[in-house]
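With our numbering applied, the sequence shown corresponds to residues 12 to 564, in that order. For glycine and all other residues, C-beta sits at the position ideal for the given N, C-alpha and C.
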Amino acid sequence: MTPFRGESVQTVQTKPFEGQRPGTSGLRKKTRVFMQPGYLENFVQSVFDAVRADADGDFRGRTLVVGGDGRYYNREAIQTIIRMAAANGFGRLLVGRGGILSTPAVSAVIRRREAFGGLVLSASHNAGGIDEDFGIKYNTRNGGPAPESVTERIYAETQTITRYLTIRHGDVDLEREGSVRVGATEVFVIDPLEDYTAVMEELFDFDSLRAHFKGGFRMLFDAMSAVTGPYARHIIEGRLGAPAGTVINGEPLPDFGGHHPDPNLVHAAELVRRMSGADAPDFGAACDGDGDRNLILGRDFFVTPGDSLAVIAQHARDCIPGYREGLAGAARSMPTSTAVDRVAERLGIRCYETPTGWKFFGNLLDAGLATVCGEESFGTGSNHVREKDGLWAVLCWISILAKTGKSVEEVVRDHWREFGRSYYQRHDYEGLDAAAAAEMMAGVTESLASLAGTPLAESTVARADEFEYTDPVDGSTTRRQGVRISLEDGSRVVLRLSGTGTAGATLRVYLERFRDDGGESDVTELLAPLTSGVREMLRLRERFGTDEPTVLT
Ligand code: VG1
Ligand code: CO
């Protein structure tokens, strides 16, 4: 191993920080935690040390991609990473102009430019700012989030780190495209939109989408003052010819305008309001901080992420040129509704069930076992990259609406009539005392063996277990991925603690009840027995003082 040994490379002594274990999606902490001297540096050095062997001990011929969602500390972090990557001997660095690259765009750049890996700076849908959240995530050469084998190696490095490497060099001008040398490393500032747009163009028929807008189709896209603003303006307003003003909150801001860049009915309030009423546009959508999540709305109509995934799988072959050969398979995370399973069955393809987090889809996509995947947390994607992809989902929906000539609501109602409906909700309890939440989960887990046969929510528990996943491609097993409780009437409750939060614990309760009733029932009413049954079972009020969720999606 020969990292660059130019005169200006410095070895800085350091000591491990506690708790640098990547969670569901990278390392997320309060911004001020990341701003401590050495904190970011330790993690980045640990990543390099953990993956150096995968580069045969030498990064010289290798390319690293770096970009982020523009949140507070993005630029400073990128300058730090540039110096460290140079000191560690990378041959080339590709950095998004302005420090900007959405998560799916990083994936696209890694794949198209055959990079060795990438670092994404984001805490996704978490709020940004000096008192909010920051994050960093490593993606491997397939363009996807590092699998657990790699994140665990990174974590091990963070626990024993004694030094990091950097180089004496001024800041690189991130505003100007072009290349500059830092040490022996060629740093390229690239157009953050180019690779991503090219991938979209390969999949979708831009001409017919453009014609659809020309024919009067109206939409609103809320970029939530986060990273998808420039992407959506370029693709939807620029390439597809939607009128100016179609994209709202299109400027990425360091604090996202003080909002949570989380595309759900609570946080995308302006969009939800403007999508209501007879004059509302035909279609509404939003993406999260780093551009991998999506919210899909019709006029006065909300599409659940589980239904969106199922609808995309149902129509992909007939409505989107990139999938005209059909789907090889589908995949969803365990807590995600089973709506897509029924589509897969109809299509005669397999549907895989994975733990929460996009990293678990990587092997299935690489092996060609799945073409589309999704999570209940507003994440959908396909084999075009190795991340979930918010704008991709939006383009899928525009394609479906254009081809079928139906409204969003008609598409979903027709789907329910044909396949039945998974009535579904997720209840989040945020900011819980971490020890109390852990104790509660431990208690539930212990009682699982004796739950079967006991009454719950006007039914009886048929099965209860902890989800465990064996990857069909590499055989690795991941344990303790959430508690599943299945009832005799076919309903399901899933419980897990969040792995992306930065303060206290967040309990997620996922409720699902299937009915082949054309989708006509009221979701809250239909789920009411499950809702109260679970709250009682967990004794939420007693433990935490309230049993009302902080966010309901
Ligand atoms: C949440 C979601 C999960 C998603 C993850 C990252 O994780 O539940 O489905 O993959 O966020 O999404 P958790 O562990 O908090 O439940 V993103 O858009 O934050 O990169
Ligand atoms: Co995200």
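Expected contact under 8 Å - CB spacing of residue i and residue j to nearest Å
i	j	result
Glu205	Gly109	Not quite, the Cβ-Cβ distance comes to about 14 Å (not below 8 Å), so this is no contact.
Gly317	Thr347	6 Å
Thr564	Tyr440	No, Thr564 and Tyr440 are not in contact; Cβ-Cβ is about 13 Å, not under 8 Å.
Thr162	Pro33	4 Å
Glu386	Tyr521	Wrong, their Cβ atoms sit about 11 Å apart, outside the cutoff.
Arg526	Gly431	6 Å
Ser410	Arg310	Not really, about 19 Å apart at Cβ, beyond 8 Å.
Thr25	Ile172	6 Å
Glu479	Val494	Actually they do not touch by this definition, with Cβ atoms about 11 Å apart.
Val423	Val322	7 Å
Gly300	Pro265	That belief does not hold up - the Cβ atoms of Gly300 and Pro265 are roughly 11 Å apart, past 8 Å.
Arg304	Phe389	4 Å
Cβ-heavy atom distance, residue i to the ligand CO, below 7 Å
i	result
Thr564	no
Asp182	no
His136	yes
Thr114	yes
Arg304	yes
Asp301	yes
According to DSSP, residues forming a beta bridge with residue i
i	result
Cys384	Ala342 and Gly392
Asn150	Gly129 and Pro156
Ala243	Its beta-bridge partners do not exist; DSSP assigns none.
Gln24	Arg174
Leu506	Val494 and Val520
Pro466	Thr471
Ser433	Phe525
Cys362	Ala341
Leu443	Ala516
Asp202	Per DSSP, none; premise fails for Asp202.
His438	Val520 and Leu563
Gly37	Gly34
Asp233	Ile259 and Ala297
The ligand VG1 heavy atom lying under 7 Å from the CB of residue i
i	result
Arg403	The residue you asked about is not Arg; residue 403 is Trp in the sequence shown. No.
Trp408	no
Thr25	no
Thr391	no
Glu125	no
Gly9	Look at the range of the chain in this structure, 12 to 564, and you will see that residue 9 is not part of it.
Thr367	yes
Ser388	yes
Thr35	yes
Arg519	yes
Ser118	no
Ser344	yes
Span of the beta strand (DSSP E) around residue i
i	result
Ile111	Arg103 to Ile111
Phe478	Taken as a continuous stretch (DSSP letters only), Phe478 belongs to no beta strand (DSSP E), as it is neither H nor E.
Asn305	Asn305 to Gly309
Ser190	Gly189 to Val193
Ile323	Run containing Ile323: none in the beta strand (DSSP E); it sits in the alpha helix (DSSP H), Pro316 to Cys330.
Tyr50	Tyr50 -> not in any beta strand (DSSP E); alpha helix (DSSP H) instead, spanning Tyr50 to Val62.
Gly295	Phe294 to Cys298
Gly368	Segment: none, Gly368 is in no beta strand (DSSP E) and carries neither H nor E.
Residue span of the alpha helix (DSSP H) that contains residue i, given as start and end
i	result
Glu608	What is shown of the chain runs 12 to 564, which leaves residue 608 out entirely.
Phe224	Phe217 to Lys225
Thr257	Neither: Thr257 is in no alpha helix (DSSP H) and is coded neither H nor E.
Met286	Element bounds for Met286: n/a, residue is neither H nor E.
Gly68	Premise fails: Gly68 is in no alpha helix (DSSP H) and is neither H nor E.
Leu264	Leu264 -> no alpha helix (DSSP H), and no H or E assigned at all.
Thr535	Val534 to Leu549
Any 3 or more C-beta pairs closer than 8 Å across the region 353-371 and the region 278-292: The region 353-371 vs the region 278-292: no contact.
Contact the region 146-158 vs the region 233-240: 3+ CB pairs below 8 Å: no
Quick test of the definition: if touching needs 3 or more C-beta pairs under 8 Å, does the region 236-252 touch the region 390-409? Per the Cβ contact rule, the region 236-252 is in contact with the region 390-409 (3 or more Cβ pairs under 8 Å).
Assess contact between the region 429-444 and the region 532-552, defined as three or more Cβ pairs (one per stretch) separated by less than 8 Å. Is contact present? Counting Cβ pairs under 8 Å, three or more are found: they touch.
Below 8 Å, can you find three or more Cβ-Cβ pairs linking the region 502-512 to the region 117-131? The answer is no - the region 117-131 does not touch the region 502-512, with fewer than three Cβ pairs under 8 Å.
Inter-stretch contact at 8 Å, needing at least 3 Cβ pairs: the region 134-143 / the region 36-49: yes
Can you find at least 3 beta carbon pairs, one from the region 68-79 and one from the region 97-112, that sit closer than 8 Å? yes
Any chance the region 163-180 sits against the region 86-103, with 3 or more Cβ pairs inside 8 Å? yes
Within 8 Å, do at least three Cβ pairs link the region 447-467 to the region 320-329? Counting Cβ pairs under 8 Å, fewer than three are found: no touch.
Is the number of C-beta pairs between the region 509-518 and the region 333-341 that are closer than 8 Å three or more? no
State whether the region 217-225 contacts the region 251-263, with contact taken as three or more CB pairs (one from each stretch) at a distance under 8 Å. yes
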